[in-house]
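These notes concern the structure reproduced below.
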Amino acid sequence: MEHLVLGISGSPVPRSNTDRAVQTVLTATGLPTKFVKLSDYNLEPCRACLGCLETNTCVVADDGRELAEMFRAASAFVLGAFTPYSSLDARSKAFMERMYCLRHQTGLNRGKVGAAVITTACQPGAPQLPPAAETAGAQIAFWMMEEGITAVGTMVLLGNVPCIRCGHGDQCEMSGVRMLHGPDATVESVGVQTFGDDPASLTEAKALGQQIRVALGL
Ligand SMILES: Cc1cc2nc3c(=O)[nH]c(=O)nc-3n(C[C@H](O)[C@H](O)[C@H](O)COP(=O)(O)O)c2cc1C
């Protein structure tokens, strides 16, 4: 069987940490791959109209149809999301909702192999912060479970609060730099997280690619 692994990034930031982590997972599979950045597509959330019930095709005439065709053609995928306001980003959520059209009667999502990359600015496990990565990870995991997708793993990647690069991160009263990293934190002391600088994340992304291969029986 000819496999295709689809990489989907919910991050709108050009060449973002999320993008690069997803692309590293794709490359590590050693299989034919396709990468899509959801911000390049026009994608509404599901309208819950059930117009897809008999046809497994969404009635919304946006790019969701093309994305559903790509998703259907892939035997495995990696979904890269980030965590605005401590939960799954809206584009990744809309993507998940729109794959609902493949579900009815035929269960076309069943048997697919799925992995997730979650980029977060909240240090996972920090007791004073909301569990952003855990929340987004659970959202993706429950979606996979409900669709009959085989989940092979989730990697969490530390990203950057946007205030790091806005130019006002040390002065702004609403700065996420101090909110996430403590009252004495500065843009300089926190620094910029770049995927690839941390060998552990690189290793984890490559391992996720290998896990996809194993789950595909390769
Ligand atoms: C509007 C907005 C709100 C955000 N809120 C949070 C948040 O509550 N918790 C968090 O961990 N990160 C938050 N972030 C930061 C993103 O998780 C961070 O930008 C992520 O690292 C993006 O990854 P990227 O480099 O792949 O684009 C927020 C980002 C935006 C744009």
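Position one of the sequence shown corresponds to residue 830 (this note's numbering), numbered consecutively onward.
Just so it is clear, CB atoms sit at the ideal spot from N, CA and C, and this is done for glycine as well.
This one's a predicted model, so the numbers in the text were calculated from it and none came from an experiment.
Tell me whether T847, by its Cβ, gets closer than 7 Å to a heavy atom of ligand 1. Here residue 847 is taken as the residue at index 18 of the sequence shown, counted from 1. Yes, since a heavy atom of ligand 1 falls inside the 7 Å radius drawn around the Cβ of T847.
Excluding the 5 residues preceding and the 5 following N885 in the sequence, name in chain order all residues of the same chain whose CB lies nearer than 7 Å to its CB. By one-based count along the sequence shown, residue 885 stands at place 56. Same-chain partners within the cutoff: C930, L931, H933, T935 and L937.
M830 lies in the alpha helix (DSSP H); which residues open and close that run? Residue 830 sits at position 1 when you count from the first residue of the sequence shown. Taken as a continuous stretch (DSSP letters only), M830 belongs to no alpha helix (DSSP H), as it is neither H nor E.
Is any heavy atom of ligand 1 found at a distance shorter than 7 Å from the C-beta of F911? What you label residue 911 is simply residue 82 of the sequence shown in a count that begins at 1. Result yes, Cβ under 7 Å from ligand 1.
Could you check the C-alpha separation between A961 and N989 for me, to the nearest Å? One-based indexing of the sequence shown puts residue 961 at position 132. One-based indexing of the sequence shown puts residue 989 at position 160. In a straight line, the C-alpha of A961 is about 13 Å away from that of N989.
In whole angstroms, give me the CA-to-CA distance for V834 and T862. Position 5 of the sequence shown, counting from 1, holds the residue named residue 834. Position 33 of the sequence shown, counting from 1, holds the residue named residue 862. In a straight line, the C-alpha of V834 is about 5 Å away from that of T862.
DSSP-derived helix/strand/coil call for M984: The residue given as residue 984 occupies position 155 in the sequence shown. Strand.
Beta-carbon spacing of E873, G859 below 8 Å: Here residue 873 refers to the residue found at position 44 when the sequence shown is read from its first residue. Here residue 859 refers to the residue found at position 30 when the sequence shown is read from its first residue. Not in contact: E873 and G859 (Cβ atoms no closer than 8 Å).
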